[in-house]
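Notes to accompany the following structure.
Protein chains: 2
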Amino acid sequence: MVETNHHIPNEEWPLIKKFNLLQSLSHDEIDVLMKLHEQEIIIDANKTFIYQKSVRRKCFIVNSGWACRFLNHSNGARQIIEYYLPGDIISPFALVMPKANYSVSSISCLHVSVFKPDALIDLCTAQPKLALRYLAMLGWQDAMFVDLATGIGWRTAYQRTAYFLLNLFERLKLVEKTVGNTFFAPLTQQMLADTLGLSIVHMNRTIKKLREDELIKIESNLVKLLDLVRLIQVAEYQSFYWRKTQQSSSTGRHQRDAILH
Amino acid sequence: MVETNHHIPNEEWPLIKKFNLLQSLSHDEIDVLMKLHEQEIIIDANKTFIYQKSVRRKCFIVNSGWACRFLNHSNGARQIIEYYLPGDIISPFALVMPKANYSVSSISCLHVSVFKPDALIDLCTAQPKLALRYLAMLGWQDAMFVDLATGIGWRTAYQRTAYFLLNLFERLKLVEKTVGNTFFAPLTQQMLADTLGLSIVHMNRTIKKLREDELIKIESNLVKLLDLVRLIQVAEYQSFYWRKTQQSSSTGRHQRDAILH
DNA sequence: CGCTAGGTTGAATACGCTCAAAGATCGTGG
DNA sequence: CCACGATCTTTGAGCGTATTCAACCTAGCG
Chain A
1 MVETNHHIPN EEWPLIKKFN LLQSLSHDEI DVLMKLHEQE IIIDANKTFI YQKSVRRKCF
61 IVNSGWACRF LNHSNGARQI IEYYLPGDII SPFALVMPKA NYSVSSISCL HVSVFKPDAL
121 IDLCTAQPKL ALRYLAMLGW QDAMFVDLAT GIGWRTAYQR TAYFLLNLFE RLKLVEKTVG
181 NTFFAPLTQQ MLADTLGLSI VHMNRTIKKL REDELIKIES NLVKLLDLVR LIQVAEYQSF
241 YWRKTQQSSS TGRHQRDAIL H
Chain B
262 MVETNHHIPN EEWPLIKKFN LLQSLSHDEI DVLMKLHEQE IIIDANKTFI YQKSVRRKCF
322 IVNSGWACRF LNHSNGARQI IEYYLPGDII SPFALVMPKA NYSVSSISCL HVSVFKPDAL
382 IDLCTAQPKL ALRYLAMLGW QDAMFVDLAT GIGWRTAYQR TAYFLLNLFE RLKLVEKTVG
442 NTFFAPLTQQ MLADTLGLSI VHMNRTIKKL REDELIKIES NLVKLLDLVR LIQVAEYQSF
502 YWRKTQQSSS TGRHQRDAIL H
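Residue numbers (the working numbering), protein chains in the order written: chain A, 1 to 261; chain B, 262 to 522.
This is the structure we're talking about:
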């Protein structure tokens, strides 16, 4: 891990960008959030930096790069639980759950801001509205995870894969990491398999089928969603990040618009 | 729904009981928590009272009875996401996620305290430590759910079922709803199947096998865990509710003790 | 008594797994 | 610049878990 010291305008930090997009932040709120960004470190690709059953004392904000949270099973297999993308907070419960029941690894080279869990207490007292925002973030995460995880129960491998890619796309779009319908994903098929609970062989065949059906295109970590509408139908995808403009509406149409544009 | 007005000592409310067990509450804290218990209503069995995609404005604390959170799929199947037992809070994110992306039904006759999500703001300002406790509760729920859901990916039907029963047992034990290794569960095999993502036929065969292996006994909604140690091994079960006394220890032995006694 | 909801069992099928082997791609060192 | 190993991807074949369809059983209740 190397320490860095960039000079980047406040609005460019992914966490701020994300919060701002969901509901505008005041300058005071941004100032308080920036306190969490005071120390940034760089972590090389493929380094495990939070260990299952270890006592952790720090929270991280992903500024660039990807990380993932996973469990190791007795049979040697591993289950990837979720991916941390730019703007995401790693171990948001560290304050109250000092012991990790999972591991976290960097996937690509990772720039993260580090802050002490206690900082959240200061943050909440300084800007109570931010506490609610934090809660809201947890709420989204919960909703997203519920849908992904329950999907494992009834969605087919084909649908699950479509679902997962759409979810990645939507989250990356929030922090402007997409170009058209294309995004960069530093994932191997083995990792996808570990995420969706499939064997690597079946994962490969499923991707092949999605490609043959002209729904996606993947080459050298570049994922292109060729037919969003059909993909959403296949996956029975439901958008999770409702923007400010959508708060009042609840039609399927608006939910689809969020990801379609 | 019928309104009631019981006169029960503070310490007897399941939520208080649960919080107290995890970490002792001060009298002031109990007083603040009791504000959430001011209005209690009764809901008949098998009534859906939170609808998917509806805008909800209330939170509930389960005082007695069971409820479940579920999704309906396009093919008519339904997925049960989690069960609400005495002491649980229904829709803890209502404050920040006004729109439900799931439905909630009562399973048995339900006694619930109703409070406005806004009450959480007052609660946090009055007793900041309770906010952390609330966060901690969400953290447990997260941890529990992560393990349950990821289990669907790699555990067999047999293991999943063992796991689920152990989880129910531990949660019910926290609020003193178990007798020895026996507990009452108002569930049908269809509901179990919907929870674990299995067909009812396979659910039935799986239960049969657990019975034949003398791990469990089920008759008329009474579940008896015949061999906890073996069941924990089979399920690779990990305890989630770490008591005050266990905070410092992290050995498997202590985790097992929590459920064993 | 017959209806209904829930539980049990059999048989055929399908989705996804394991084992196995062969291509691709990429970085590294000779 | 090519050779080599390592990692990732692709494909084939056989198998097993869980599914669907179907029937029958049981208990509770009007």
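Think of the CB as a built atom: it goes at the ideal place given N, C-alpha and C, for glycine as much as any other residue.
Quick check: is the beta carbon of residue i nearer than 8 angstroms to any beta carbon in chain A?
{"i": "alanine 397 of chain B", "result": "yes"}
{"i": "cysteine 385 of chain B", "result": "yes"}
{"i": "phenylalanine 280 of chain B", "result": "no"}
{"i": "threonine 411 of chain B", "result": "yes"}
{"i": "glycine 348 of chain B", "result": "no"}
{"i": "leucine 286 of chain B", "result": "no"}
{"i": "valine 293 of chain B", "result": "no"}
{"i": "tryptophan 415 of chain B", "result": "yes"}
{"i": "leucine 426 of chain B", "result": "no"}
{"i": "valine 407 of chain B", "result": "yes"}
Any beta carbon from chain B within less than 8 angstroms of residue i's own beta carbon?
{"i": "methionine 97 of chain A", "result": "yes"}
{"i": "asparagine 101 of chain A", "result": "yes"}
{"i": "threonine 349 of chain A", "result": "No answer is possible for residue 349 of chain A: it lies beyond the span of chain A, which begins at 1 and ends at 261."}
{"i": "phenylalanine 93 of chain A", "result": "yes"}
{"i": "alanine 143 of chain A", "result": "yes"}
{"i": "isoleucine 50 of chain A", "result": "no"}
{"i": "leucine 15 of chain A", "result": "no"}
{"i": "leucine 172 of chain A", "result": "no"}
{"i": "leucine 132 of chain A", "result": "yes"}
{"i": "glycine 139 of chain A", "result": "yes"}
{"i": "valine 62 of chain A", "result": "no"}
Can you check which of these residues, the options, is closest to residue i by C-alpha distance?
{"i": "glutamine 233 of chain A", "options": "A/Leu25, A/Tyr102, A/Thr161, A/Val96", "result": "A/Thr161"}
{"i": "alanine 361 of chain B", "options": "B/Thr309, B/Thr449, B/Cys385", "result": "B/Thr309"}
{"i": "phenylalanine 70 of chain A", "options": "A/Pro86, A/Ser103, A/Ser91", "result": "A/Ser103"}
{"i": "serine 239 of chain A", "options": "A/Lys224, A/Leu174, A/Thr182", "result": "A/Leu174"}
{"i": "arginine 133 of chain A", "options": "A/Leu22, A/Lys58, A/Asn10, A/Ile43", "result": "A/Leu22"}
{"i": "glutamine 159 of chain A", "options": "A/Thr206, A/Glu219, A/Phe60", "result": "A/Thr206"}
{"i": "valine 357 of chain B", "options": "B/Ser287, B/Ala306, B/Cys320, B/Ile479", "result": "B/Cys320"}
{"i": "threonine 156 of chain A", "options": "A/Glu38, A/Ala235, A/Leu33", "result": "A/Ala235"}
{"i": "valine 293 of chain B", "options": "B/Thr386, B/Tyr344, B/Phe406, B/Gln450", "result": "B/Thr386"}
{"i": "leucine 427 of chain B", "options": "B/Glu480, B/Leu486, B/Gln402", "result": "B/Leu486"}
{"i": "leucine 457 of chain B", "options": "B/Ala446, B/Glu437, B/Phe425, B/Ser335", "result": "B/Phe425"}
{"i": "glutamate 480 of chain B", "options": "B/Ala446, B/Asp305, B/Gln300", "result": "B/Ala446"}
{"i": "glycine 151 of chain A", "options": "B/Lys296, B/Ser335, B/Ile303", "result": "B/Ser335"}
{"i": "leucine 36 of chain A", "options": "A/Asp122, A/Tyr83, A/Ala136", "result": "A/Asp122"}
{"i": "valine 146 of chain A", "options": "B/Ile461, B/Thr449, B/Met398, B/Glu343", "result": "B/Glu343"}
{"i": "threonine 443 of chain B", "options": "B/Ala355, B/Ile304, B/Asp488, B/Ile303", "result": "B/Asp488"}
{"i": "alanine 193 of chain A", "options": "A/Arg78, A/Arg56, A/Tyr237", "result": "A/Arg78"}
{"i": "tyrosine 345 of chain B", "options": "B/Pro359, B/Trp327, B/Pro353", "result": "B/Trp327"}
Work out the CA separation of residue j and residue i for me, nearest whole Å.
{"i": "serine 105 of chain A", "j": "leucine 483 of chain B", "result": "43 angstroms"}
{"i": "isoleucine 341 of chain B", "j": "leucine 459 of chain B", "result": "11 angstroms"}
{"i": "glutamine 52 of chain A", "j": "isoleucine 107 of chain A", "result": "17 angstroms"}
{"i": "arginine 472 of chain B", "j": "isoleucine 291 of chain B", "result": "43 angstroms"}
{"i": "lysine 18 of chain A", "j": "glycine 87 of chain A", "result": "6 angstroms"}
{"i": "glutamate 325 of chain B", "j": "glycine 337 of chain B", "result": "Checking the sequence shown, residue 325 of chain B turns out to be serine, not glutamate. C-alpha separation (whole angstroms): 30 angstroms."}
{"i": "isoleucine 216 of chain A", "j": "asparagine 333 of chain B", "result": "27 angstroms"}
{"i": "glycine 153 of chain A", "j": "proline 9 of chain A", "result": "44 angstroms"}
{"i": "cysteine 68 of chain A", "j": "lysine 377 of chain B", "result": "36 angstroms"}
{"i": "threonine 512 of chain B", "j": "leucine 148 of chain A", "result": "Because threonine 512 of chain B sits at a pLDDT of 39, beneath the cut-off of 50, its placement in the model cannot be relied upon, and the point is left open."}
{"i": "histidine 111 of chain A", "j": "lysine 209 of chain A", "result": "35 angstroms"}
{"i": "glycine 441 of chain B", "j": "glutamate 214 of chain A", "result": "57 angstroms"}
{"i": "serine 374 of chain B", "j": "valine 323 of chain B", "result": "7 angstroms"}
{"i": "lysine 505 of chain B", "j": "serine 285 of chain B", "result": "In this predicted model, lysine 505 of chain B has a pLDDT of only 41, less than 50, meaning its place in the structure is not dependable; the value taken from the coordinates is given anyway. Cα to Cα, lysine 505 of chain B sits roughly 9 angstroms from serine 285 of chain B."}
{"i": "histidine 288 of chain B", "j": "glutamate 273 of chain B", "result": "14 angstroms"}
{"i": "arginine 491 of chain B", "j": "leucine 433 of chain B", "result": "20 angstroms"}
{"i": "leucine 120 of chain A", "j": "isoleucine 90 of chain A", "result": "13 angstroms"}
{"i": "glutamate 437 of chain B", "j": "proline 14 of chain A", "result": "46 angstroms"}
{"i": "glutamine 190 of chain A", "j": "methionine 203 of chain A", "result": "8 angstroms"}
{"i": "alanine 131 of chain A", "j": "phenylalanine 430 of chain B", "result": "33 angstroms"}
{"i": "isoleucine 50 of chain A", "j": "methionine 405 of chain B", "result": "19 angstroms"}
{"i": "glutamate 524 of chain B", "j": "threonine 188 of chain A", "result": "In the structure as shown, chain B starts at 262 and stops at 522, and residue 524 of chain B therefore has no counterpart that could be examined."}
message = Tell me which residues of the segment 329–342 of chain B have at least one Cβ-Cβ distance to chain A shorter than 7 angstroms, keeping chain order.
response = Contact residues of the segment 329–342 of chain B toward chain A are Leu332, His334, Ser335, Ala338, Gln340, Ile342 (C-beta to C-beta distance below 7 angstroms).
ask   = In the segment 135–206 of chain A, which residue ranges form an unbroken beta strand (DSSP E) of at least 3 residues, counting only runs that do not cross its ends?
value = Those beta strand (DSSP E) runs which fall completely within the segment 135–206 of chain A and span 3+ residues are 182–184.
task = Taking a Cβ distance cut-off of 7 angstroms, strictly less, list which residues of the segment 179–204 of chain A are near chain B, in chain order.
result = Of all residues in the segment 179–204 of chain A, Gly197 have a Cβ within less than 7 angstroms of some Cβ in chain B.
ask   = In chain order, which continuous runs of the alpha helix (DSSP H) of length 4 or greater are located wholly inside the segment 65–143 of chain A?
value = Within the segment 65–143 of chain A, the complete alpha helix (DSSP H) runs of at least 4 residues are 119–126.
ask   = At a Cβ cut of 8 angstroms, what residues of the segment 362–380 of chain B count as close to chain A, listed as they run along the chain?
value = Considering only beta carbons, the part of the segment 362–380 of chain B lying closer than 8 angstroms to chain A consists of Asn362, Tyr363, in chain order.
query = Whole beta strand (DSSP E) runs in the segment 2–39 of chain A with 3 or more residues, listed along the chain?
reply = Runs of the beta strand (DSSP E) spanning 3 or more residues and lying entirely within the segment 2–39 of chain A occur at 2–4, in chain order.
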